[in-house]
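Residue numbers for the sequence shown follow my numbering, so the first one is 202 and each next one is one higher.
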Amino acid sequence: MRPWRKLCPPAVRKSQQSALQTSSLFLVREAGPAAFIIEEESMREVTRVTLGDTHTCTCKQFKASKELCIHICWVLLKKLRLRTVDPLSFQVGLDQRELDNCLRGVHEWRPGVVGAGASIAETRGPGQPKPVRKRLVGDNDICPICLEEFSARRSPRSRAWGEAIGGTSRPVLVHDSTGVAPQASHGANVPSIREEGLRDRK
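Next comes the structure, spelled out in structure tokens:
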């Protein structure tokens, strides 16, 4: 049985601080309820974080130290929205009940109520499915890729994706969906269907 930590080890505290300060990590895929694929902008490499009875990561830091790395801390603090003062944020792992509660907290945190100003097409032909209302993205929402709150972001939202992702996350999304690596952080090739929306930003 894993020991319960009463205090956060200095090495983990350092990883937590780095995770909160970094803007170069992006969540590119959820490989399961508790498995996350993270891409690091500067390295263009992906790591896999798996949460469970013992958290694991495929990065070199974790393999060498077997201690919570920046990637695990980033998922715990940014994705699961744990606070650094919460003991669950610096444990080597979580039991099934703790993990389930944390994952449920993530889903409860994301608002699912349709915004008052949401638009919907009122006319449709016979046999066509009922259109789905588009929920407005608010300042308290987070970018699903970089996990930053929109209110805290300095970069603009990307209108090409309905302002649902941050501007700095756009190249990561393009690369992941098309397989085309962006030439520069602001010069990613965007599918032509989105070009009109991007021109609106200028």
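Every residue, glycine too, gets a C-beta built ideally from N, C-alpha and C.
S216 counts as buried, since at least 16 other C-beta atoms from the protein chains shown sit within 10 angstroms of its C-beta.
Just measuring C-alpha positions, the residue of K279, D342 and E299 sitting nearest F227 is K279. Pairing I238 with C258, the inter-Cα distance amounts to about 10 Å. Assignment of I346 by DSSP, reduced to helix, strand and coil, places it in the coil class. Straight through space, the alpha carbons of R282 and E350 are spaced by roughly 11 Å.
K267 and D342 have their C-alpha atoms some 33 Å from each other. For L281, the secondary structure class from DSSP, reduced to helix, strand or coil, is coil.
For the pair V213 and L269, the CB atoms are nearer than the 7 Å cut-off.
By the neighbour-count definition (other C-beta atoms within 10 Å, threshold 16), V286 is an exposed residue. Under the DSSP assignment, F237 falls outside any alpha helix (DSSP H), being part of the beta strand (DSSP E) whose first and last residues are A236 to E241. DSSP, reduced to helix, strand and coil, places V286 outside both helices and strands of the structure shown, so it counts as coil. Under DSSP, no beta-bridge partner is assigned to E299.
One alpha carbon belongs to S243, the other to P288, and they sit about 31 Å apart. C209 is the residue among C209, P204, W205 and R203 whose C-alpha sits nearest the C-alpha of R284. C258 has V250 as its beta-bridge partners, per DSSP.
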